[in-house]
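There are 2 protein chains.
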Amino acid sequence: MGNKKVAVVGAGLVGSLMAVLLAKKGMQVDVFERRPDLRKAKAIGGRSINLALSNRGFKALSLAGFDKEIRDVSIPMYGRQMHDVEGNLTYQAYGKEKEAIYSVSRGQLNQKLMNLADDYENVKYRFDRACEDIDLSKNEITFNNSSTHGKEYFSYDQIFGADGAFSAVRGVLQKTPMFNYSQEYLPHGYKELSFPANADGTHCFDKNCLHIWPRGEFMMIALPNLDGSFTVTLFFPMKGEISFESLDTEEKVLDFFNKTFPDAVPYMPTLVEDFFSNPTSTLVTVRCSPWNYEDKVMLLGDASHAVVPFYGQGLNSGLEDCTVFFEMYEKHKGNVHALFEAFSEQRVPDGNAIADLALYNYIEMRDLAGDKDFLLRKKIERKFSDLYPDKWMPLYSQVTFSHIRYSEALAAGNRQRKIMDEVMEMDSIHDQWDDQKVIDKILSLVE
Amino acid sequence: MGNKKVAVVGAGLVGSLMAVLLAKKGMQVDVFERRPDLRKAKAIGGRSINLALSNRGFKALSLAGFDKEIRDVSIPMYGRQMHDVEGNLTYQAYGKEKEAIYSVSRGQLNQKLMNLADDYENVKYRFDRACEDIDLSKNEITFNNSSTHGKEYFSYDQIFGADGAFSAVRGVLQKTPMFNYSQEYLPHGYKELSFPANADGTHCFDKNCLHIWPRGEFMMIALPNLDGSFTVTLFFPMKGEISFESLDTEEKVLDFFNKTFPDAVPYMPTLVEDFFSNPTSTLVTVRCSPWNYEDKVMLLGDASHAVVPFYGQGLNSGLEDCTVFFEMYEKHKGNVHALFEAFSEQRVPDGNAIADLALYNYIEMRDLAGDKDFLLRKKIERKFSDLYPDKWMPLYSQVTFSHIRYSEALAAGNRQRKIMDEVMEMDSIHDQWDDQKVIDKILSLVE
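This is the structure:
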């Protein structure tokens, strides 16, 4: 693919990293973005959950030599801090000591990646251009230029669609024969709220945790920002008795929050304004197959696998697409069609697996994170894993701290769950969980 | 909805019947079709499997007083005739005596329905108009007029999208929040072939059967036409060792057919020409939810639930949409929004159920229809059902000869399968299937 002319549609995080990595291979890269240059725009809040970068994301950034710079502007979160209705806290480490996920600002990360890409002479950003259609016979993209209101036409050897969950590039592939596609919404949506920084610039809760208020049918979470604030997100039913629809007056909102999240309300001075002025967003899972069209188009990131945010892997999986693509690129040098086919074939099951894992994790976070059986289960797993790290890596660690394929992690997680189901059936497991017989039981089951 | 101005997008079978039934309620109905008037066009073959109309379809046609006229131009098929590789025949009745599915020409049925609709003063057909977009805020449809090449804009109180599996109306809804959608292709496609009429105008095989050549990974079927011919359809892998892709020379095609369908080849004088000139079509399952957008748009037929053709229920389920809609219309008179919501809520699970049933039936037809265990299972079921019709209606009969909701039929079918699994485990069931103990066993399990 060297010396080729390629397009990346979408100047988001995955698109911009892809542009850098393609440029490093010597390609001429045009990056198209339907919005204006976000580096010149005012900050737009209220829609985007904080990102939690973890190992897969950092590995991809390291291909661009960029992981350290990002780690410096992010905040490590070493575990979940659960808040119950009485304000009692329960802490659960994510992994081993020093293993953390990293809270980072989507906007800041995106700007930095765009600046990095802009430094390459062979990368050109073209903003205000919305992809309208692609003529696949000649790989010609039609753009609508929102400044001139005219149409523009560009042809490329390859087109990378990194244009998000509502991808226009994918919309074109959707009309080709044998393209499987699904979009599935949760009955829950989300809304961003905020805990501002304390007067002295510090955080109102421990900044090195991801905070969760699990409440069964719904939950609230908070991720720290560098400026002392937290970005807070309420995941909540769209409709029904207790829902975004039903909380329709200031009084109802305050009442509900005071009853449900009493330890958080004192830190939410603009709760009511935020609740009514910030948009309610939906949560969609997108799957498709194949991710490529011949040797012409490849989908990446949310465009091919949009997942709900509950495993913190949406961006990480999109960035990992880049890692995997360039690993395979080396093997398939010169044969773009074989490369595209092989990448899609390998990566589709991983996209589906992280989609499933993320949907499952919503139940875990909102429903189980406060549950005694669940916490004991995690404790036993952790103990066994510490004793026999070669025999047991917890599912969360496989997904978050390893580079094991998501599909393999999912399969391993299913095997582990069955084993732990048996362990939790043992007599007096809550009293005797620390006994050697529990370890022996697991040993007998894993082997 | 009386006195309202409504649009039906798509002048196919479901669209045209819907137009008649809406017109009967006094509405002004515009029917839009992207193709020219098929009554003025030459016959277009090679793409559309013969239709098998059954009870659900006839019930809907009877709402338009049209069932008898259609029955007169159709051929009843009372059972499946299976052809094995040696040319041996096995017959399996579809239901009780006189119960049949009816082979009918799609084109003829469509023309008759269009003529019927045209007789209403308040129905107007507008051909050569492809739906391009809908502005949902004012329910205004943009059409591309293929004669003038200009755009046309029409607004309606309600819009019914009956524009098929690749529905443009559904494409608009797909972009609205919380619209769940999936399209899933089988790895198999199909191609139409033909057995012409005998010289004396008779059929080369029994015309009152649906003929099947089940061959495990694939199959061929034939449905009779009034003129003495059969329309033959080969369902076959798209790619792979034995596939549409691999049969790429005349010799390979003839070789394959001679080996695989030896009793059929003598009746296929144009086999090779047909094989290479007729298109290979794909088999898609489409599901979505909801089927409505507020009180503005409603999807019907393949637009909301395209299914694979193996249960012969694609058209029947689409026509049943009309039956169910007008049953509910009476209950919700005056409240279109409530009507649309209730219809979608009731009908979505039925659309999903017939999609699942049709996918399952492909396995049954191509794989099991020649299997001894399977045939015995059907024989025992039939015997029990004849003895205790109130306790057991075979799944096929529920789907084909009843008006039981598809979702209930699917659930009942799953219960029945579990019972028959137990029955088939009985000792020497192949020798003793006719014993009273088998009946007693089933009686003990159904109650």
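As you go down the protein sequences, you meet chains A and B in turn.
For the first sequence, full-length UniProt numbering puts the final residue at 447, and the numbers step up evenly by one.
For the second sequence, full-length UniProt numbering puts the final residue at 447, and the numbers step up evenly by one.
Don't be surprised by glycine CBs; every beta carbon is placed ideally from N, CA and C.
Nothing here was measured: the structure is a model prediction, and the numbers come from that model.
- Remark: C-beta atoms of A/Ser344 and A/Trp392 do not approach each other more closely than 8 Å.
- In the DSSP secondary-structure assignment, B/His83 is bridged to B/Leu89.
- By DSSP's assignment, A/Cys209 forms a beta bridge with A/Gly79.
- Going by C-alpha positions, B/Asp30 is about 6 Å away from B/Tyr125.
- Assigned with DSSP and collapsed to three states, A/Met298 falls in strand.
- Approximately 20 Å separates the beta-carbon atoms of A/Ala162 and A/Gly312; this is outside 8 Å, ruling out the contact.
- Around B/Pro177, the beta-carbon contacts reaching into chain A at under 8 Å are Tyr185, Thr282.
- CA-CA distance, B/Thr323 to B/Phe340, rounds to 14 Å.
- Straight through space, the alpha carbons of A/Arg56 and A/Phe244 are spaced by roughly 34 Å.
- Setting aside the 5 residues that flank it on each side, B/Lys151 is surrounded in the same chain by Glu132, Thr142, Phe143, Asn144, Asn145, each with a C-beta closer than 8 Å to its C-beta; the list follows chain order.
- Judged by their CB atoms, B/Thr285 and B/Val265 are not nearer to each other than the 8 Å cut-off.
- For A/Lys4, there is no enclosing alpha helix (DSSP H), since its DSSP letter is neither H nor E.
- Per DSSP, the beta bridge partners of A/Gly189 are A/Phe236, A/Thr282.
- The beta carbon of B/Leu51 sits closer than 6 Å to those of Val104, Arg106, Leu315, all from its chain and outside the five residues before and after it, given in chain order.
- Distances from the alpha-carbon of B/Lys5 to those of B/Phe66, B/Val123, B/Arg382, B/Val438 put B/Val123 closest.
- Between B/Ala303 and the set B/Gln436, B/Ala165, B/His211, the nearest pair of CA atoms involves B/Ala165.
- For the beta strand (DSSP E) assignment, the uninterrupted runs of no fewer than 3 residues enclosed by the region 124-184 of chain A are, from N- to C-terminal side, 129-135, 140-145, 151-155, 158-161.
- For the alpha helix (DSSP H) assignment, the uninterrupted runs of no fewer than 4 residues enclosed by the region 246-279 of chain B are, from N- to C-terminal side, 250-260, 271-277.
- Between A/Phe218 and A/Pro187, the CB-CB gap reaches or exceeds 8 Å.
- Nearest CB-CB separation between B/Ser428 and chain A: not below the 8 Å threshold.
- If only complete runs of 4 or more residues are kept, the region 288-356 of chain A shows the alpha helix (DSSP H) at 302-305, 314-331, in order along the chain.
- The C-beta of A/Asp248 has fewer than 16 other C-beta atoms within 10 Å across all chains shown, which makes the residue exposed.
- Beta-bridge pairing by DSSP links A/Leu116 to no other residue.
- Just so you know, the alpha carbons of B/Gln398 and B/Glu381 end up roughly 13 Å apart.
- DSSP places A/Met219 in no alpha helix (DSSP H) but in the uninterrupted beta strand (DSSP E) bounded by 219-224.
- With distances taken between CA atoms, B/Gln346 lies nearest to B/Glu327 out of B/Leu357, B/Asn335, B/Glu327.
- In terms of Cβ geometry, A/Met220 and A/Phe275 do not form a close pair [threshold 8 Å].
- Interface residue (Cβ-Cβ distance to chain B less than 8 Å): A/Tyr181 is classified as such.
- The shortest CA-to-CA distance from A/Ala222 to any of A/Asn198, A/Ser194, A/Gly216, A/Arg215 is the one to A/Ser194.
- In the DSSP assignment, B/Ile101 falls outside any alpha helix (DSSP H) and within the unbroken beta strand (DSSP E) covering 101-104.
- Distance from the Cα of B/Lys379 is smallest, within the candidate group B/Tyr94, B/Glu121, B/Val20, for B/Tyr94.
- The C-alpha of B/Asn3 is placed about 5 Å away from the C-alpha of B/Met27.
- Relative to A/Leu116, the option among A/Gly12, A/Ala197, A/Leu53 whose CA is nearest is A/Gly12.
- In this structure, A/Gly189 and A/Leu283 form a Cβ contact; the two beta carbons are roughly 6 Å apart against a cut-off of 8 Å.
- A/Ile134 sits buried, since 16 or more C-beta atoms from the chains shown fall within 10 Å of its C-beta.
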